[in-house]
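What follows is a single structure, written as structure tokens, with notes after it.
Residue numbers (the working numbering), protein chains in the order written: chain Z, -18 to 116; chain U, 61 to 194.
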């Protein structure tokens, strides 16, 4: 079975690396990007099949809400999860997206895992969800 | 055939810090190394790499591009590592620089590089093959 692929967009290496490793340990393929520009580059040039994107709503380079709009327009098959840490992000999300941040920063790795699995189950009827490892 | 980094006596994979501002190149190399059993940390800049090193995260080898944005390029990173973390070997890569111009490290791989060559070099430097030459 091909593992589901999560693109983790997080500028802070010290935050991104342990979360990426945790998700790999849980059976996901993880693609790491520092920001929206890198994410676009990876999606355009590598041919990697991304199922889910997790991104900080307040990413410094380009905020997650704008990137989500771009993903929805250009890669509608990819589920996108925004992570937010302040109330204003939820308000901004409401203006641009159907739903606001689904997970909070700093990341709780298990909650992130649960949210990814929930999104995959919703979209794919649980077909691509890795086995229940890491719980 | 390159040896796997995991051995019978060492279950913990060797950690390679890959530093490159080109996401596609970094991703392909990182995936190759992970497929070979290495733990890989991805950094986009020398600054990111130094931050990770200062955090105390395990790094057994650094593979870094030379030309990168920010205040610390690959050459400066190599000098810093040699001074502060002398046990960590550094491999530099570049599409512009030539090996003869470099004094920071004896390990240089010109771009474009073959993934098998890089994997073999890393494996050799980390002493994971019989003919290791660290």
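Just so it is clear, CB atoms sit at the ideal spot from N, CA and C, and this is done for glycine as well.
Taking 8 Å as the CB-CB limit, is residue i close to chain B?
i                     : result
residue 112 (chain U) : The structure shown has no chain B; the protein chains it does contain are Z and U.
Given a cut-off of 8 Å, decide if residue j and residue i are closer than it, judged by their beta-carbon atoms.
i                     : j                     : result
residue 90 (chain Z)  : residue 0 (chain Z)   : yes
residue 76 (chain U)  : residue 98 (chain U)  : yes
residue 59 (chain Z)  : residue 93 (chain Z)  : no
residue -13 (chain Z) : residue 33 (chain Z)  : yes
residue 14 (chain Z)  : residue 23 (chain Z)  : yes
residue 132 (chain U) : residue 153 (chain U) : no
residue 124 (chain U) : residue 109 (chain U) : yes
residue 105 (chain U) : residue -5 (chain Z)  : no
Would you say residue i faces chain U, with C-beta separation under 8 Å as the test?
i                     : result
residue 48 (chain Z)  : no
residue 22 (chain Z)  : yes
residue 33 (chain Z)  : no
residue -5 (chain Z)  : yes
residue 19 (chain Z)  : yes
residue 115 (chain Z) : Confidence in residue 115 (chain Z) is poor, its pLDDT being 43 and thus under 50, which makes the residue's placement unreliable; the coordinate value appears in the next sentence. Not closer than 8 Å to any Cβ of chain U, the Cβ of residue 115 (chain Z) fails to qualify, so no.
Should residue i be flagged as near chain Z, meaning a C-beta pair shorter than 8 Å?
i                     : result
residue 74 (chain U)  : no
residue 108 (chain U) : yes
residue 118 (chain U) : no
residue 124 (chain U) : no
residue 131 (chain U) : no
residue 83 (chain U)  : yes
residue 104 (chain U) : yes
So which residues of chain Z does residue i contact, with C-beta pairs closer than 7 Å?
i                     : result
residue 101 (chain U) : -2
Identify which residue in the options has its Cα closest to the Cα of residue i.
i                     : options                     : result
residue 38 (chain Z)  : Z:29, Z:-8 and Z:22         : Z:-8
residue 119 (chain U) : U:92, U:72, U:154 and U:136 : U:72
residue 97 (chain Z)  : Z:17, Z:8 and Z:53          : Z:8
Determine the chain Z residues that contact residue i at a beta-carbon separation under 8 Å, and present them in chain order.
i                     : result
residue 87 (chain U)  : 12, 13, 23, 27 and 29
residue 115 (chain U) : -5
What ranges does the alpha helix (DSSP H) occupy inside the stretch 70 to 130 of chain U, keeping only unbroken runs of at least 4 residues that lie completely in it?
Listed in chain order, the complete alpha helix (DSSP H) runs (minimum 4 residues) inside the stretch 70 to 130 of chain U are 83 to 95 and 106 to 114.
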